[in-house]
Every structure is written in structure tokens, then in C-alpha cells.
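Q: Pasting a structure here, questions to come.
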Amino acid sequence: MFNSQYDCKLDPKGRLVLPAKIKAAIPEANGAVLMLRMAEDRCLALYTIVEYKKLENQIKSLNINNAEQRLLQRSFFNSVTEVELDSAGRLLIPKHFQIYAGLEKELMVAGNGSRIEIWNTENYLSNIIKDPADLSSLMEKHLS
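Counting in full-length UniProt numbering, the sequence shown runs without a single skipped number right up to 144 at its last residue.
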């Protein structure tokens, strides 16, 4: 499981070094390959192969003869790419993914349960609950 948030940097070549705690949470059996997706709220979602396959299987099970489901399949598969961690623990984020998420040199990496999110820092801060009391209220509403 992935959690916490980390201030990170994108190097001039578009490579990101994953924080040590995030990298350590990736199962060894996963290997160096991860799946990167243009996700909700203009962030990037990074999945282990096992977690990605769960999502992929749901998408593949949709009916290609239904226009809405076909659009979902097409849009999903066009928004995903395979990335690989190099020996230094870096992954290369393709330029069009960087543009989609508005990534700059300074960015935020956040664990979100089964996936890792990569954010433009300002966008991240506008997409989280900052007040613990507000978080508690939402937890009470949705988890009770």
C-alpha cells in the first residue's frame, strides 16, 4: 500500500526519482516495470503491474459494441504507457504526460492506497482536504 506525500523534483530530461519509501512499497515481484496513466484531476497515476491488470481487466470486459463503453476503452488505453525504473530508481515521464499534468521541476508524489499519484504541487494542494476537522466529517459521512 502506498501512502504519504513527498516533495520531489523532475530532472531536465523528465526523469523522476521515486522516494525511497514509495520504491520500497513496490513488491519485488513487480520488477522494474510500472504503468503510468493520465488520471483524474490532472494528475498522473502510477500502478504496479498487478494493480494495473485489475483495472485493465475491468476496462477490457466492457462491450465494444456500446458507443459509450467503446469510448471509455479507447480513451483509457490511449492514456496509459509503460515506464521502467532504471538502476538509479528513476522513471522517465513522457513529455505529453508532463504537459497533461502541468508538471514542473518541483512536484508532489503522493501515495493513494493501491496507486502512486504524481502532481503539479499547486494542483495537488487544491485537491486535498487540509483541515483535519473537515477530513473527519467526510470520514464520518462516508465510512459510518
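Ideal placement from N, C-alpha and C gives every residue a C-beta, glycine not left out. Values in this document were obtained by computation on a predicted structure and should not be read as measured data.
Do three or more CB pairs link the segment 77 to 96 to the segment 16 to 35 at distances below 8 Å?
A: Judged by Cβ distances under 8 Å, the segment 77 to 96 makes contact with the segment 16 to 35, as three or more pairs qualify.
Q: Could you tell me which of 110, 56, 104, 86 sits nearest to residue 5, measuring between CA atoms?
A: By 1-based counting over the sequence shown, the position of residue 5 is 5. Nearest option by C-alpha distance: 110.
Q: Do you know offhand how far residue 114's Cα is from residue 65's?
A: By 1-based counting over the sequence shown, the position of residue 114 is 114. By 1-based counting over the sequence shown, the position of residue 65 is 65. Spanning the two alpha carbons is a distance of roughly 31 Å.
Q: Report the CB separation of residue 97 from residue 44 in whole angstroms; it is logged as a contact under 8 Å.
A: Counting from one through the sequence shown, the residue named residue 97 turns up at place 97. Counting from one through the sequence shown, the residue named residue 44 turns up at place 44. Sure, about 6 Å apart at Cβ, within 8 Å.
Q: For residue 124, which option in 108, 136, 57 has the closest C-alpha, if you only look at C-alpha atoms?
A: Position 124 of the sequence shown, counting from 1, holds the residue named residue 124. Here the closest residue by C-alpha is 108.
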